[in-house]
Every structure is written in C-alpha cells, then in structure tokens.
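Structure first, then comments.
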Amino acid sequence: RNFKSLRPQKSAVRNNYLAVTEPSWRQRNPPRVPNLIGGRFVDSQSFVSVDVLNPATQQVISQVPLTTNEEFKAAVFAAKRAFPLWRNTPIATRQRIMFKFQELIRRDIDKLAMNITAEHGKTLKDAYGDVLRGLEEVEHACGLATLQMGEFVSNVSNGIDTYSIREPLGVCAGICPFDFPAMIPLWMFPLAVTCGNTFILKPSEKDPGAAVMLAELAVEAGLPNGVLNIVHGSNEIVNAICDDDDVKAISFVGPNVAGTCVYARASAKGKRIQSNVGAKNHAVVMPDASMDATLNALVAAGFGAAGQKCMALSTVVFVGGLNPWEDKLVEHAKAIKVNAGTEPDADLGPVISKQVPEYEHGSFVGPTILSSVTTNMECYKADSIEEAINIINRHKYSNGASIFTTSGVAARKFQTEVEVGQVGINVPISVPLPFSSFTSCKPSFAGDLNFDGKAGIQFYTQVKMVTQQWKDLPGSSEEGVVFSYKRVPNLIGGAFVDSQSLASIDVINPATQEVVSQVPLTTNEEFKAAVSSAKQAFLSWRNTPVTTRQRIMFKLQELIRRDIDKLALNITTEQGKTLKDAQGDVFRGLEVVEHACGMASLQMGEYVSNVSKGIDTYSIREPLGVCAGICPFNFPAMIPLWMFPVAVTCGNTFILKPSEKDPGASILLAELAMEAGLPNGVLNIVHGTTDIVNAICDDEDIRAVSFVGSNTAGMHIYARASAKGKRVQSNMGAKNHAIVMPDANEDATLNALVAAGFGAAGQRENKLVERAKALKVNAGTEPDADLGPVISKQAKERIHRLIQSGVESGARLVLDGRDIVVPGYEHGNFIGPTILSDVTANMECYKEEIFGPVLICMEADSFEEAINIVNRNKYGNGASIFTTSGVAARKFQTEIEAGQVGINVPIPVPLPFFSFTGSKASFAGDLNFYGKAGVNFFTQIKTVTQQWKDLPSGTGANLAMPTSKKPHWLILGFVLNCKLSHIFVAKRQEKFDMYNFKFLELENYRCNYTTLKVGLGF
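Numbering (the numbering used here), first residue to last: 112 to 1129.
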C-alpha cells in the first residue's frame, strides 16, 4: 500500500524514460517497481518481471521488471554524464545534501519500516533498526570532508612541494542482498556520492521498495539528476555491471557463490571490488559469564530478523559443557512470539520466501536449537577456551565472533587469537559504528578495502599526488617585479532565569540608538550556580554515547536553518551589520555545528596490539569537564558556535559569556540547543564584563577557556587563566594584509578588496575609490544596504581618531566616510567607506586594528619589501596575495608569517574541518579553534596499557624498571648456591670474543660456578 505512490501506469511504457507523475503510480495492480534513470522514475520496457511477495501472507505486493540492457546502458550514461559536474561540486555542498537526506529519512522512517516489514517479513522493531543503522551511515557521510583530506609536505626538495588529493573514481555500483533492504543501500551510495562519485544501485529483487523510497528522499534532498540511478534484475544485470567499462568500482553484499563470481568477473575487468559474502558468526560462552545477560544476548542475536542477516549469531560454543545453559536457553527461546512482522507482539517474523522453507500460508520458522552437534542455533561444547577458539578458526567464514565472560584474561586471549574481522566482548553482534570499518576476513570478504570508516572512503576515492615547483628562472618575466528579551536572562541548569542583579547594561540598536534590551551583570552566586550545574551535568553527559551527542548537533543544525532569518534579524538589530552579512555570520557558525556532527571520527583514539609480549596499548580522547567561552561583539552567532558545539559534542559541559553589546543571538542559539535535546546543565549562559571574566579565569572547576576579542583582554585572560592551570585558546587582534601584484586580475581583485575591507590595497587607487563610493551605507535592515553602522558611539569615535591620526602623520585621505548621514537614521553610528593612501608602517592607523570600514593603502617597490611589511607587523592572523603567477604565490605562501594564507582569496578563513590558525600576537595558546586542533583542545588523552596474563601461582615480583625488551645480557660468571665475589656483565659480545668464553643468556640458563671457565684475574 505504501508503494503505490511510486508506481507508473501502463501508458508510461510507450516512451522510453518518460517522467512519471504521481497519480500514474497508483493505477497498476500490482504496481511495477520503477527504474531511476537520470533523475526520473521510469517504468521498464521489459515484459519479464519478478513478483515481490509478502512473506507473511504470500500476497503479491508489486512486480520487479528485469531492467533491459538498453535501460542499464542509459543509467550508466546518465551517471557518467552527471559525474563531471558532481565531482566539482564543493564537498560542503555534497555534505549538506546528506544533512537534508538524514532529516528526510527520520521524517519517513515509519513509512520505510512498514515497507521493509511488508516485503521482507522482519518485525517492525527490526525494520526500524534496519533503517536506523543505515541512517548512521548517512550521518557519517555528513562529516566526510575530514576523512577525505589529503596530505601536504612543503619543500620536500629545494622549492618543491608535494601534496595528495583524494579524488572520486567516477561511476560506481552497488549490488544488494535481501536481508537489509535499507541498511545495505545506505552502506553504499551515501559514502560514494558524498566522495564525488555517481552511483548505480541494484537492490534485491525480493524487496526493492526501501531502496526506491530512499532514492526518492535523496532526490528530494537535492541530489542532482543522474548522481543516483537504480536498475533491477538478477544474474544478467549483475553481469552487465561487472562487464561495463564505465563502472569503476563495485560494492557487493550477499551469498558466497554470487560474491565470488562478482569478485572474479569484475576484478578481471580491472575494477575495484569490495565483496562481503557468507558469514558464520560464533559466540563462545565461558563458565563465568553472566547467565541472564548472556542468554538474552544469544536469543536476540540468534533469532532476530528470523536469523536472516549476515550478523546473525548461528553458533554458540559453551566452554565446559552445555549444563546449565541448554535448558535456560530453550526456555528463553520458547518465549519468543512468532507472528507477522506488522503485529505489535511479534518478536519473530517469517523468512523471506518458501524456497528458504506457512498466517497459515506464511513462510514461518520458529526458534530452533540444535544441541550436541559437532560441526546449525548450532551449539557446540568445548572443554577449554583454546578448543573453542580452534573451532571458530577452523571454520571457513570469519565475519564475527563474540565471547561472554567476566575474565579479562580470557577476553584478551580471545581477542588476540580468534581469526575473524569483528570481535565482540560481551557483545553478541559486534558490528562497529560507521566511523570504524566493517571488517571481515577469510572467505567472508574479498577485496582490499572494507565498508565504512576510513577504508570505505579510500575505496571510493583515488589518490592523486601533486608535485609542484614554482621556480624563478633567469630571464623569467617575474624577475624584478614590483609588487527578545527586554531583560536578557541567564541560562542556568536548563532554565532561562532573570538575574537578581540590579546593575545592567543597555543593548542599543547602532542604527537608531534605541534600547533593544538590558543585560544584567550576573552575580557571583548566579555564576557559581551555573558552574555547579555544569559540573553536575558533566557526570552523565560525558557517558552519553558520542552518537547521541552527534544527533543533538544534527537536530541543532536543522533548527538553526529553520530560524536563520530570526537569528539574522536579531544580529542586525543588536550589532548593526546588514541582513546579508548577518546571515553569513550565522551560516559560518552553522558550518561548525555541521562539523561537530562528525565528531566521532576526530575523537577516535589509537590502538596498538602486542606492543610488548601480551601487552596492548591504546589511547582514549576524553572530555575535560566544565569549559567556558568568552565572546566578542563582532560575530554574535559565529563565535559562540565556534565554541560550545565542539566542546559539548566532545562530552564537556559549557559556560558561555556572550558580549554584553549583542547577547541576543547566543540566547536564541541556546534555546535551539535545548529544543534539539541538549540536557539541562550542559550549556549555561552568564553575562557581565570584567568581574565575570575574572571569575571564569579563577574558578577551579573550569578546566578550559576559549576567548576571541582584543589583545588587551586576550592577554589578560591567557595569563590569569593559565596561571590557574587551565587550558586557554585566545584569538586576539588581527591586522589582515593583502598584497596586490601588477599581474593580478583587476576586476576580481578590486571586488575582493572592497568586499573584504582588508589592509593593504596596492596601487590601483582611483578604481578602488570608485568601487568603494558605490557601496550603499544604510541601516542593516534596509534591503539596499551594503554597509551598516559600527557597534557603538565609542567605536565610531575611536575609528575617527585613528583616521585623523593617519592624516596628521602624512597619509592622504582619498575617500572620507566620517561625515556621512543616513536619512531616517541620523543618530546612527555610521561611517562610510574610507581609504587612506601613502600610509607608512610607523603610523598609528597602520599599527592598530581599526575595526571599521577603512582601507589602508601602502606601496612597495618590490615583492620582498611587501612581504617584509606584512611580517614586521606584530599581528599574524591572515594575509592574501592577488596574482596570476605561481612563482609569486609560492614565494608568498612560504615566506609570509601569518596563520592563514589566501591566494586570490581575500578572507582566507578555512572551513571547519581545518583549524582557524592565527599566529604571532593574534593568538595565544597551543591549540587553535575547531578542526582537529579544536577537538584536541576540548579533550585530554588517556593512555591505557593492559596485560591479561595468567601467571603460575607463587610467581615472585620483578622490581626492575619495565621495558618493552627482554635483557639480552651476556654473563661471564653466574652462580646459584655458590659464593662468588665478582660477576662480570656485558651487553656487547664483541668485547669477549678474544677470550673464547662460553656466553650465557641470563634468562635462558641456570648454571653452577664450577661449570664456567673464569678468567681475567677473578
């Protein structure tokens, strides 16, 4: 019934690939499952079809036409045609389609689950799990940019840089089994297309409905025509996929025979293959295992989805015998209710078809246990853990194996010696979350790169190595170049509460001078309550699974998009920037929230097995505790979103202090975070000025402080907080420069300079003035505004003073914006575009960060002089060059002393999967904002070294310093039960070769004095 909205009518068959309108899908009975070709759901021309049966009732739900060869070729052609444009679509755009896609899957999860139950037979509960495990893959794809990053090494040889780029392959294909109608397709195409590939999906002909519904949602999310295509069929279509020269890679999940055939046939054509095939999953139950927990796990893993899944547990090995386990296991299994999957009490639905073995005619098989077998649930018994491990290792399949025990010794032995891809310790279905890879070995997997995780990204991408040299050769043309609240509340413990403080600060609209709201100065008691709330919330929040924390960020980014206009209007009202600029403020912060949605990959620790005999070492990135952020006025949404989303997704709790000049956006964002599901106390907001900043620096429960603002405040915070042992990242003043080379593209450069308002503009003064004069100054809410007011009268006076100081020092004022008056906003803090020329490096207007619409123009006689001007400035936030010369660009990149470098880019602020990297006086601290550095700032490393060693009783303690190596010392004299006054020990055998002594290894020999030839005057 759910599928009728997807079916074409018979009249659609007359024209190849005729687009089908929704009413026509409902008119066939039974409906025919469409192909998806070039963005359109179209009926196949094939007269041959396969019935899709409801396993519980044997009713025909729909028919799957066997896609013709011409239709398959059309699908490949559509994918091939879409690839050039899609591969060049920015990865951030591709990720955002995945953000929308996961939102739509959540919206339609009931519809998807009902379809899976109808076509496959699994219970609705299990069908929801099928969709949710696939949804995790889509969420993983939302953070793909971090995993697709290449590597860069500067100056590998004289003047030569080398870097790698992970590029998409082209057209890829996926061949799916029936057991997971949603999860397996979602294992495949979201990763593939987010990497920049296009995709041909062949669902199982037994239950194709979920794949078609997911494709509809992907198209609704914005996936362009041809990026995802769907074809149907059996052997012939599989062979066509294997043989087609335009298909570069194939993902397969299914039975061993088919997988082996696909792997052999496709690899013979030079394609990449990942083939996940047969699975025989074992569990070893030790005598010390927890009875109830183990039995529940065995029954759930063994009988879920009627055992029809590659992760199903089919074999249990009981170490020490079946008693008392067998009777209890049977008792638990008998309690399982077998019924149609749509029935609310069903624990177990039918199997997929009668061929696999009757609601009277349904394909039902109840829970079955075979005991006392030696080589089907199968139950073995083993006398020892060694025998149990051997039973598993002798089996040809090696998908997964689990052990149930309370013994760390047994668990580590099992983990080390069992030959499978996935190991569970007290976990029955050891399938990792998508940021790790689905790892099978032996005949269960054919290929080099597994599904999911980094391996999955590597499978769908190829590495391009670029080695570049920009060398200024003699005679080169570059030689010698001249170059809404009225009273803003606190947020404490999940409640927005009015402060008890009588002191407050007015929040003023910079365009009208009207009081928008009042900010109370949070009292010390209220601050302590906020910290206490955060400290209490940390105990449970740190133990909340990272996937749960990520999903709150998924919801937060959705809500920010919903309310972006409201946020932007608040920013414009309080801060003055134009609505376009305010939306950009929100959007750049939103990118950090999106980045936080993929936090698990960045927070992963490292593991090395057997670093020494029987010893494993691994690292864990753990949250710090209560962290705090102190924000400036210039980005009321972006800077708070730089801070708390990364911090809380890492597992910390947070105290946010917005600027007292424009706190509204922070309050609105906090409301959205609470709506998204952030627990009470995880995010708290306090207000104030110096007193509250000092309280944050001094409080012993606050472990880390993030600050963005002025140098004076930033250095005070860095010194005071770090003196208390806190981590601090302090992003401070910026004097951003641009160097314009004579060969730069004139129009593009001038537009960039005017839009960015950066420091040094070069020599194209007249045209720069013309473009600056064209900017319209008005209140930010006016639709024609290019420039709004500055934040306050004090800021306006400061900017006026710096402009005047430049004039008095000899600078030429070629465009003066100080006397501008905006009709209707006569009292606003407006300054028009201002350009100072002939500025020198010793002028105050150059040395200070003006923080207003003022461009400083300087001249340099050579490129080297221009670089020196930039490098002599105390700030090191960002610098750009505008040029068409690779030689000049590389020289600039190498020699400039700034944290962020732009090449023909005026504002070189990286996207959040890199870090915001200021340097020199622009930044104090060790770890920058967002990216990997941001995650490292908000986490601490715990290194675990473990040894599970079964020592003989009576073993003595060894008090020597432990090392990873055995001592290999050579003994000239070693005595047991004898008196010897001298023992001569050497580490180097060469010293003693001349004496022809017999050398003994300390650990391998026990000997008596009389058996030694002793010399050297002993």
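Glycine residues also receive a C-beta, built at the ideal position from the N, C-alpha and C atoms.
- [ ] State the DSSP-derived secondary structure class of GLY716, mapped to helix, strand or coil.
- [x] In the sequence shown, counting from the first residue as 1, residue 716 sits at position 605. If DSSP states are grouped into helix, strand and coil, GLY716 belongs with coil.
Open item on the list: Out of ALA866, THR689, ASP609 and THR860, which one is the CA nearest neighbour of ILE778?
Closed with: Taking the sequence shown and counting its residues from 1, one reaches residue 778 at position 667. Out of ALA866, THR689, ASP609 and THR860, ASP609 has the C-alpha closest to the C-alpha of ILE778.
Task: Top-ranked residue by Cα proximity to VAL1020, from GLY1042, ALA1000 and GLY989 - done: Here the question's residue 1020 lines up with position 909 in the sequence shown. Checking every option, the nearest Cα to that of VAL1020 belongs to GLY989.
TODO: Determine, using beta-carbon pairs with one atom in the region 727-738 and one in the region 666-685, whether at least three such pairs fall under 8 Å.
DONE: no
TODO: Identify, in the order they occur along the chain, each residue of the same chain with its Cβ nearer than 8 Å to the Cβ of GLU1006, setting aside the five sequence neighbours on each side.
DONE: The sequence position of residue 1006 within the sequence shown is 895, counting from 1. Result list for GLU1006: ILE978 and ASN982, in chain order.
- [ ] Report whether the distance from the Cβ of ASP355 to the nearest heavy atom of the ligand NAP is below 7 Å.
- [x] You won't find the ligand NAP in this model; it holds no ligand whatsoever.
Task: Chain-order list of residues whose beta-carbon lies under 7 Å from that of LYS985 (same chain, five-residue window excluded) - done: Here residue 985 is taken as the residue at index 874 of the sequence shown, counted from 1. Closer than 7 Å at Cβ, skipping near neighbours: LYS1031 and ALA1032.
TODO: Rounded to whole angstroms, what's the CA-CA distance from SER628 to ASN681? Just pull it up for me.
DONE: Numbered from its first residue, the sequence shown carries residue 628 at position 517. Numbered from its first residue, the sequence shown carries residue 681 at position 570. Rounded to whole angstroms, SER628 to ASN681 spans 11 Å at the Cα level.
- [ ] State the beta-bridge partners of ILE931 as determined by DSSP.
- [x] Here residue 931 refers to the residue found at position 820 of the sequence shown. Note: ILE931 sits in no beta bridge, so no partner.
Open item on the list: Just to confirm my understanding: we take GLN259, look at its own chain, exclude 5 residues before and 5 after, and list those with CB closer than 8 Å. What are they?
Closed with: The residue labelled residue 259 in the question sits at position 148 within the sequence shown. Excluding residues within five positions, the ones whose Cβ falls inside 8 Å are ILE202, ARG277, CYS306, ILE568 and THR572.
Task: VAL427 - DSSP class collapsed to helix/strand/coil - done: To locate residue 427, count along the sequence shown from 1; it is residue 316. VAL427: strand per DSSP, three-state reduction.
Task: Chain-order list of residues whose beta-carbon lies under 7 Å from that of GLU331 (same chain, five-residue window excluded) - done: Along the sequence shown, read from residue 1 onward, the residue named residue 331 stands at position 220. The residues are LEU215.
Open item on the list: Looking at the secondary structure, which residues open and close the alpha helix (DSSP H) in which PHE665 lies?
Closed with: Taking the sequence shown and counting its residues from 1, the one referred to as residue 665 is at position 554. Its alpha helix (DSSP H) spans residues 657-673.
Open item on the list: Can you tell me whether PHE869 is helix, strand or coil according to DSSP?
Closed with: Residue numbering aside, residue 869 sits at position 758 when the sequence shown is read from its first letter. With a pLDDT of 29 at PHE869, under the threshold of 50, the modelled position of that residue is not reliable, and no figure is offered here.
Open item on the list: Using 8 Å for Cβ pairs, my map puts TYR936 next to ALA890. What's the rounded Cβ distance?
Closed with: Here residue 936 refers to the residue found at position 825 when the sequence shown is read from its first residue. Here residue 890 refers to the residue found at position 779 when the sequence shown is read from its first residue. The pair is a contact, with the Cβ atoms about 5 Å apart (cut-off 8 Å).
TODO: Just list the beta strand (DSSP E) runs in the region 607-652, keeping only unbroken ones of 3 residues or longer that don't cross its boundaries, in chain order.
DONE: 615-619 and 626-631
Task: the region 737-747 touching the region 759-777, judged by at least three CB pairs closer than 8 Å - done: yes
- [ ] Under 7 Å Cβ to Cβ from GLU959, same chain only, skipping five residues before and after it: list those, please.
- [x] In the sequence shown, residue 959 corresponds to position 848, counting from 1. These residues qualify, in order along the chain: LEU913.
Task: Spatial distance of ALA256 from VAL304 (CA atoms) - done: Taking the sequence shown and counting its residues from 1, one reaches residue 256 at position 145. Taking the sequence shown and counting its residues from 1, one reaches residue 304 at position 193. Taking the straight line joining both Cα atoms gives about 12 Å.
- [ ] Hey, could you find the ends of the alpha helix (DSSP H) PRO195 is sitting in?
- [x] Taking the sequence shown and counting its residues from 1, one reaches residue 195 at position 84. Its alpha helix (DSSP H) spans residues 180-198.
- [ ] Kindly indicate the opening and closing residues of the beta strand (DSSP E) around ALA284.
- [x] Numbered from its first residue, the sequence shown carries residue 284 at position 173. 282-286 is the span of the beta strand (DSSP E), which, as asked, contains ALA284.
TODO: Please report the residue range of the alpha helix (DSSP H) in which ALA229 lies.
DONE: For the purposes of this step, residue 229 is taken as residue 118 along the sequence shown, with counting starting at 1. ALA229 -> alpha helix (DSSP H) spans 220-231.
Open item on the list: I want to know whether the region 991-1008 touches the region 794-813 - three or more CB-CB distances under 8 Å.
Closed with: no
TODO: Please list, in chain order, all residues of the same chain as GLY558 whose beta carbon is under 6 Å from its beta carbon, the five residues on each side excluded.
DONE: To locate residue 558, count along the sequence shown from 1; it is residue 447. Excluding sequence neighbours, GLY558 sits near ILE384, GLN385 and SER386.
- [ ] Express the C-alpha separation of PRO1017 and LEU713 in angstroms, rounding to a whole number.
- [x] Translated into positions along the sequence shown, residue 713 becomes position 602. Translated into positions along the sequence shown, residue 1017 becomes position 906. Computed Cα separation, rounded: 29 Å.
Open item on the list: Measuring straight from C-alpha to C-alpha, what distance separates LYS677 and THR892?
Closed with: As a first step, residue 677 is located in the sequence shown; it is residue number 566 there, counting from the start. As a first step, residue 892 is located in the sequence shown; it is residue number 781 there, counting from the start. So the alpha carbons of these two residues sit roughly 12 Å apart.
- [ ] Determine the burial state of LYS317: buried for a count of at least 16 other Cβ atoms within 10 Å of its Cβ, exposed for fewer.
- [x] Within the sequence shown, residue 317 is the residue found at index 206, counting from 1. Classification for LYS317: buried.
Task: Close beta carbons around PHE429, own chain, < 6 Å, minus the five adjacent residues each side - done: In the sequence shown, the residue the question calls residue 429 occupies position 318. Around PHE429: VAL396, TRP436 and LYS492.
TODO: Can you check DSSP and say which residues form a bridge with SER386?
DONE: Here residue 386 refers to the residue found at position 275 of the sequence shown. For SER386, which the question treats as bridged, DSSP gives the partners PHE363 and ALA557.
Open item on the list: Residues in the same chain with beta-carbon distance under 7 Å from ILE148, minus the five sequence neighbours each way, listed in chain order, please.
Closed with: Reading the sequence shown from its first residue, position 37 is the one you call residue 148. Counting only Cβ-Cβ distances below 7 Å, and skipping sequence neighbours, we find TYR128, GLU182, ALA185, ALA186, ALA189 and ASN340.
TODO: Rounded to whole angstroms, what's the CA-CA distance from PRO166 to THR453? Just pull it up for me.
DONE: Taking the first residue of the sequence shown as 1, we reach residue 166 at position 55. Taking the first residue of the sequence shown as 1, we reach residue 453 at position 342. So the alpha carbons of these two residues sit roughly 11 Å apart.
Task: the region 770-785 contacting the region 644-655, beta-carbon criterion three pairs below 8 Å - done: no
Open item on the list: Rounded to whole angstroms, what is the Cα-Cα separation between VAL804 and VAL1046?
Closed with: Counted from its first residue, the sequence shown places residue 804 at position 693. Counted from its first residue, the sequence shown places residue 1046 at position 935. VAL804 and VAL1046: Cα-Cα distance of roughly 23 Å.
- [ ] Over the uninterrupted beta strand (DSSP E) stretch that includes ASN601, give me the two end residues.
- [x] Here residue 601 is taken as the residue at index 490 of the sequence shown, counted from 1. Here the beta strand (DSSP E) through ASN601 covers 601-603.
TODO: Mind checking which residues open and close the beta strand (DSSP E) that includes ASP727?
DONE: Numbered from 1 along the sequence shown, position 616 holds the residue referred to as residue 727. Counting along the chain, the beta strand (DSSP E) containing ASP727 begins and ends at 726-734.
Open item on the list: Within 8 Å, do at least three Cβ pairs link the region 699-713 to the region 814-823?
Closed with: no
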